[in-house]
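Before any comments, here is the structure.
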Ligand code: C2E
Ligand code: CA
Ligand code: CA
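Residue numbers (this note's numbering): 280 to 556.
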C-alpha cells in the first residue's frame, strides 16, 4: 500500500464483511416493515422432565426476507447487537411474547424471552418492561422469564446487578442462559439474583453415556437446589439423555426431543391438543 504499509485483505475477510453489511441492511429493512411479518417470533416448548408435559415456552426470533425465506437468529443477532438495532428488535420480541402468553392463557405456564446485554444496558429497558406489565394488570409477572447470558456482566458501565434487581422487583423472573459455558459461572451464581439456571446443551447432549457430564449436571442441580433456583436442561435430543435427567431429578427440559421452535399458530395448536388429551 505504499511506504512500508502492507494491507492484508483476504477473500474470507471480504466475504465476512459483505455478509455483515448484508445482515445489517436486511435488519434495517425488516425493522422498517410490518414487524409481525418481517420478524416473526417462534416458540419452543419447555417441559416438565418428569411428565414431558409443556410448562413454558421460549420465544425465539426469526427473520422473513422479502423473498419469503426464514432466517434464524445466527444470521442477524450479532449485527443487531453491534449496531444497537437489538434495542427495537428486542422490544418487539418482548411485546409479541407477552401478547402470546396472554392469548394462550392457562394453557401455558410461562414465557421465556432472551434479552441481550445491550438491551439491559439501555436506561429505558426497565421502564419499558414496567409499562408493558402495567398495561396488562391481569398478567402475573412471574409468568414472564428474562433470559440473560453471562456476558451481560461484562463490558458495560451500568450496574447490571442493580438493573436485574429492579427487574426482579417487578416480579419478573430471571434465567441464566447457556449456564456453564462462560468464564465465571460461579461468580455469576453468586452475584446475580436469578431464579432459573439453563444448563447449556454442551453438558446435556450425550449425558447418558458420559459419567463426567452426569457428575457435572448432578453438582449443578444440587447447587441450584440449595440456592433455591430451578434448572432447565437445554438441547435434549436423545431419549436416553432424557431418562438420565429424570434419574437425576432435573426439573425441566427443552430440546428437539420435545419440540423444535415453531410459529405461534402451530404452537397454539400443540397447546390445544395437549389440553384435549
Ligand atoms: P439460545 O437462547 O440458547 O436458544 C436455544 C437455541 O437452541 C435455539 O436456536 C433453539 O432452536 C436451539 N435448540 C433448541 N433445542 C435444541 C436441540 O435439541 N438441539 C439443538 N442442536 N439445538 C436446539 P435459535 O432459535 O437458532 O437461536 C439461537 C440463539 O439466538 C439463541 O440461543 C439466542 O441466544 C439468540 N436469540 C434468539 N432469539 C433471540 C431474541 O429474541 N433476542 C436475543 N437477544 N437473542 C435471541
Ligand atoms: Ca435462551
Ligand atoms: Ca441457551
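Backbone N, C-alpha and C fix where the C-beta goes; we use that ideal spot for every residue, glycine too.
Report task. Return yes when at least one heavy atom of ligand 2 lies under 8 angstroms from the C-beta of residue 429, else no. Result -> The sequence position of residue 429 within the chain shown is 150, counting from 1. No, the Cβ of residue 429 stays beyond 8 angstroms of every heavy atom of ligand 2.
Query raised in the report: In terms of DSSP beta bridges, what is residue 390 paired with?
Result: Numbered from 1 along the chain shown, position 111 holds the residue referred to as residue 390. Residue pairing by DSSP places residue 390 opposite 336, 423 in a beta bridge.
Query - CB-CB length for residue 473 against residue 502, believed under 8 angstroms - result: Translated into the one-based positions of the chain shown, residue 473 becomes position 194. Translated into the one-based positions of the chain shown, residue 502 becomes position 223. Their Cβ separation, rounded to whole angstroms, is 12 angstroms, which puts residue 473 and residue 502 out of contact at 8 angstroms.
Query raised in the report: Do residue 384 and residue 420 have their C-beta atoms within less than 9 angstroms of each other?
Result: What you label residue 384 is simply residue 105 of the chain shown in a count that begins at 1. What you label residue 420 is simply residue 141 of the chain shown in a count that begins at 1. Not closer than 9 angstroms, so no.
Report task. Identify the continuous alpha helix (DSSP H) that holds residue 471 and give its terminal residues. Result -> Walking along the chain shown from the start, residue 471 turns up at place 192. No alpha helix (DSSP H) contains residue 471, which DSSP labels as neither H nor E.
Query raised in the report: Does ligand 3 have a heavy atom nearer than 8 angstroms to the CB of residue 480?
Result: One-based indexing of the chain shown puts residue 480 at position 201. At a threshold of 8 angstroms, residue 480 counts as near ligand 3, since its beta carbon sits closer than that to one of the ligand's heavy atoms.
Requested in this report: Buried or exposed for residue 442, please, with buried defined as at least 16 other CB atoms from any protein chain shown within 10 angstroms of its CB.
Outcome: Position 163 of the chain shown holds residue 442. Residue 442 should be labelled buried.
Query raised in the report: For residue 342, which three-state DSSP category applies?
Result: Translated into positions along the chain shown, residue 342 becomes position 63. In the structure shown, residue 342 falls within a strand segment according to DSSP collapsed to helix, strand and coil.
Query - Secondary structure of residue 530, DSSP reduced to three states - result: For the purposes of this step, residue 530 is taken as residue 251 along the chain shown, with counting starting at 1. In the three-state DSSP reduction, residue 530 falls in the coil class, being neither helix nor strand.
Query raised in the report: Does DSSP classify residue 481 as helix, strand or coil?
Result: In the chain shown, counting from the first residue as 1, residue 481 sits at position 202. Looking at residue 481 - three-state DSSP - the assignment turns out to be helix.
Report task. Would you identify the three-state DSSP class for residue 368, choosing helix, strand or coil? Result -> Here residue 368 refers to the residue found at position 89 of the chain shown. In the three-state reduction of the DSSP assignment, residue 368 falls in the helix class.
**Report entry** residue 349 burial status per 10 Å Cβ neighbour count (16 or more: buried)
**Finding:** Here the question's residue 349 lines up with position 70 in the chain shown. Note on residue 349: under 16 other CB atoms within 10 angstroms of its CB, so exposed under the neighbour-count rule.
Query raised in the report: Per DSSP, residue 322 is paired with what?
Result: Position 43 of the chain shown, counted from the first residue, corresponds to residue 322. Assignment of beta-bridge partners to residue 322 by DSSP yields 338, 541.
Query raised in the report: With which residues is residue 458 paired in a DSSP beta bridge?
Result: Here the question's residue 458 lines up with position 179 in the chain shown. Among the bridge pairs identified by DSSP, residue 458 is matched with 478.
Query - beta-carbon residue 457 near ligand 3 non-hydrogen atom, thresh 8 angstroms - result: As a position in the chain shown, residue 457 is number 178, starting the count at 1. Within the cutoff, so yes.
Requested in this report: Starting from residue 512, follow the beta strand (DSSP E) in both directions and report where the run begins and ends.
Outcome: Looking up residue 512 in the chain shown gives position 233. Per DSSP, residue 512 is one residue of the beta strand (DSSP E) stretching across 509 to 512.
Query raised in the report: Are at least three pairs of beta-carbons, each pair with one atom in the segment 389 to 403 and one in the segment 338 to 358, less than 8 angstroms apart?
Result: They touch, by the three-pair rule.
Query raised in the report: Taking the Cβ atom as the reference point for each residue, do residue 408 and residue 368 lie within a distance shorter than 9 angstroms?
Result: Residue numbering aside, residue 408 sits at position 129 when the chain shown is read from its first letter. Residue numbering aside, residue 368 sits at position 89 when the chain shown is read from its first letter. With respect to the 9 angstroms criterion, residue 408 and residue 368 are not classified as neighbours on the basis of their beta carbons.
Query raised in the report: Given a threshold of 16 other Cβ atoms within 10 Å of its Cβ, counted over all protein chains shown, does residue 511 qualify as buried or as exposed?
Result: Position 232 of the chain shown holds residue 511. In this structure residue 511 is buried. Its beta-carbon is surrounded by 16 or more other beta-carbon atoms within 10 angstroms.
**Report entry** Length of the line joining the Cα atoms of residue 296 and residue 304
**Finding:** Taking the chain shown and counting its residues from 1, the one referred to as residue 296 is at position 17. Taking the chain shown and counting its residues from 1, the one referred to as residue 304 is at position 25. Roughly 12 angstroms between the two C-alpha positions.
Query raised in the report: Can residue 326 and residue 537 be called in contact, C-beta distance under 9 angstroms?
Result: Residue 326 sits at position 47 when you count from the first residue of the chain shown. Residue 537 sits at position 258 when you count from the first residue of the chain shown. For residue 326 and residue 537, yes; Cβs fall inside 9 angstroms.
**Report entry** residue 310 - containing alpha helix (DSSP H), residue span
**Finding:** Residue 310 sits at position 31 when you count from the first residue of the chain shown. Its alpha helix (DSSP H) spans residues 290 to 311.
**Report entry** Simplified DSSP state of residue 350, which is helix, strand or coil
**Finding:** Reading the chain shown from its first residue, position 71 is the one you call residue 350. Collapsing the DSSP output to three states places residue 350 in a strand.
Query raised in the report: Relative to ligand 3, is the shortest distance from any of its heavy atoms to the C-beta of residue 513 smaller than 8 angstroms?
Result: For the purposes of this step, residue 513 is taken as the residue at position 234 of the chain shown. Checking the Cβ of residue 513 against ligand 3 gives yes.
Query raised in the report: Any chance the CB of residue 391 is under 8 angstroms from a heavy atom of ligand 2?
Result: What you label residue 391 is simply residue 112 of the chain shown in a count that begins at 1. Inclusion of residue 391 in the 8 angstroms shell around ligand 2 follows from its C-beta lying nearer than that to a non-hydrogen atom of the ligand.
Query - residue 513 versus residue 529 - alpha carbon distance - result: What you label residue 513 is simply residue 234 of the chain shown in a count that begins at 1. What you label residue 529 is simply residue 250 of the chain shown in a count that begins at 1. Between the alpha carbons of residue 513 and residue 529 lies a distance of about 11 angstroms.
Requested in this report: Give the secondary structure of residue 375 by DSSP, where H, G and I count as helix, E and B as strand, and everything else as coil.
Outcome: As a position in the chain shown, residue 375 is number 96, starting the count at 1. In the structure shown, residue 375 adopts helical secondary structure according to DSSP, grouped into three states.
Query raised in the report: Considering residue 404, what are the terminal residues of the alpha helix (DSSP H) in which it resides?
Result: As a first step, residue 404 is located in the chain shown; it is residue number 125 there, counting from the start. Under the DSSP assignment, residue 404 falls in the alpha helix (DSSP H) whose first and last residues are 404 to 413.
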